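*Asks:*
Number of protein chains: 2
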Amino acid sequence: MSACCPPATGPRVPDATLDDARLARLARALAHPARIHIVRVLLERRSCIGCDLVDEVGLAQSTVSEHLRILKEAGVISGRIERPRICYSLAPGALAPLAALLSSVLEQDAAGIWPALPVED
Amino acid sequence: MSACCPPATGPRVPDATLDDARLARLARALAHPARIHIVRVLLERRSCIGCDLVDEVGLAQSTVSEHLRILKEAGVISGRIERPRICYSLAPGALAPLAALLSSVLEQDAAGIWPALPVED
DNA sequence: CCAATCTATCGTCAATCGACGATATGCGTT
DNA sequence: AACGCATATCGTCGATTGACGATAGATTGG
Numbered sequence: 137m138s139a140c141c142p143p144a145t146g147p148r149v150p151d152a153t154l155d156d157a158r159l160a161r162l163a164r165a166l167a168h169p170a171r172i173h174i175v176r177v178l179l180e181r182r183s184c185i186g187c188d189l190v191d192e193v194g195l196a197q198s199t200v201s202e203h204l205r206i207l208k209e210a211g212v213i214s215g216r217i218e219r220p221r222i223c224y225s226l227a228p229g230a231l232a233p234l235a236a237l238l239s240s241v242l243e244q245d246a247a248g249i250w251p252a253l254p255v256e257d
Numbered sequence: 137m138s139a140c141c142p143p144a145t146g147p148r149v150p151d152a153t154l155d156d157a158r159l160a161r162l163a164r165a166l167a168h169p170a171r172i173h174i175v176r177v178l179l180e181r182r183s184c185i186g187c188d189l190v191d192e193v194g195l196a197q198s199t200v201s202e203h204l205r206i207l208k209e210a211g212v213i214s215g216r217i218e219r220p221r222i223c224y225s226l227a228p229g230a231l232a233p234l235a236a237l238l239s240s241v242l243e244q245d246a247a248g249i250w251p252a253l254p255v256e257d
């Protein structure tokens, strides 16, 4: 059925599907320009921001609200009530698992183990 | 139109929409459990892997091929021909921009600037 | 040369996403 | 009490995604 790679000795990935789903959900939360933009705005002005995220993003209020809901649901941001507004801010640590995976990838890249690749596409 | 946050002095985000789209595309490439799984497998066995990604993922061959196509299109992986198989491996640096954003977020978290949050949901 | 193997592509179908306007809610202000 | 503001939710519509089987290409092995 194959060769070309180490035959994957030992127990496969520990409990892959669980973490896979978790990481995928985090990535999915970021998988839209508007949501990336929101995260970046919240990152720049490290303090929270209220309603003018709507102006910033440039989509309808209901649409932005939906994007905020998705980010909140993924735990990426949280909202503090400040009537009549809500101040959103980045939530600590929520993205850590995804960041960890990406760091691993970059780390491996940095190791310079990649041979000159005769790529196929 | 609001208060609660620093009024965003200086030029806004440099050329936001471009980077936003780029980062979102990267995140989107990872926004599925099967694709996360592929990345993790390629990360574990640092050498490339051939066809048995299909077995590993547990979906139909055509479906896995599609996921590989998406990852390849995003530049996350690359394939080296090794007839009649193709050995996939993580592509250097492709995920760096996303990793950078996430690092920034985590960095800010680490700064401990987040007050105890009376959250709203 | 024929069969087997690995991979990519196509067509299809259900499910989900993203956008919007309209509307509801909740709370200060007048 | 009535209004205005910021936000959330609902319903809808078109576009995209994810899954699959079927099929086509390419190459190795007999």
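So the sequence lines, in the order shown, correspond to chains A and B.
The numbering of the first sequence is the numbering used here, which starts it at 137 and goes up by one.
The numbering of the second sequence is the numbering used here, which starts it at 137 and goes up by one.
Heads up, the beta-carbon is just placed ideally off N, CA and C, and yes, glycines get one too.
Model, not experiment: these values are computed from the prediction.
#1: Return the bridge partner residues of Ile213 (chain A) from the DSSP annotation.
#2: Determine the extent of the alpha helix (DSSP H) in which Asp155 (chain B) is found, giving its start and end residues.
#3: If Leu207 (chain A) and Ile185 (chain A) are in contact, beta carbons under 8 Å, what's the gap, nearest whole angstrom?
#4: Against chain B, with Cβ distances strictly below 8 Å, would Gln244 (chain A) count as a contact?
#5: What separation, rounded to the nearest whole angstrom, lies between the Cα atoms of Leu178 (chain B) and Glu202 (chain B)?
#6: Check for me: the alpha helix (DSSP H) holding Ala232 (chain A) runs from which residue to which?
#7: When the cut-off is 8 Å and only beta carbons count, does Trp153 (chain B) lie next to chain A?
#8: Quick one: what does DSSP say Pro147 (chain B) is sitting in, helix, strand or coil?
#9: For Ile185 (chain A), which beta-bridge partners are listed by DSSP?
#10: Taking the beta carbon of Gly215 (chain A) as the centre, do at least 16 other beta carbons fall within 10 Å, making it buried, or is it exposed?
#11: Beta carbons nearer than 8 Å to chain A: which residues of the segment 218–245 of chain B have them?
#12: One question on the structure: do Pro169 (chain A) and Thr153 (chain B) come within less than 8 Å of each other, judged by their Cβ atoms?
#13: Give the straight-line distance between the Cα atoms of Arg164 (chain B) and Leu237 (chain A), rounded to the nearest whole angstrom.
#14: Leu179 (chain B) touches chain A at which residues, Cβ-Cβ below 7 Å?
#15: List the residues of chain B whose Cβ lies closer than 8 Å to the Cβ of His173 (chain A), in chain order.
#16: Between the segment 225–234 of chain B and the segment 241–248 of chain A, do at least 3 Cβ pairs fall closer than 8 Å?
#17: Between which residues of its own chain and Ala139 (chain B) is the CB-CB distance below 6 Å, once the five residues before and five after are set aside?
*Replies:* So, from the data block:
#1: A:Leu226
#2: Ala152 to Ala165
#3: Contact doesn't hold; Cβ gap of about 13 Å is too wide.
#4: yes
#5: 17 Å
#6: Ala232 to Ala246
#7: It should be noted that the sequence gives Thr, not Trp, for residue 153 (chain B). Output row for Thr153 (chain B): interface = yes.
#8: Any answer about Pro147 (chain B) is weak, because its pLDDT of 45 lies below 50 and its placement is not dependable; what the coordinates show is given next. Coil.
#9: A:Tyr224
#10: buried
#11: Glu218, Arg221, Ile222, Cys223, Ser225, Leu226, Pro228, Gly229, Leu231, Ala232, Leu234, Ala235, Leu237, Leu238, Ser239, Ser240, Val241, Leu242, Gln244 and Asp245
#12: yes
#13: 15 Å
#14: Ser240, Val241 and Gln244
#15: Val149, Ala152, Thr153 and Asp156
#16: yes
#17: Confidence at Ala139 (chain B) is low in this model, with a pLDDT of 40, below 50, so its placement is unreliable and no value can be given for it.
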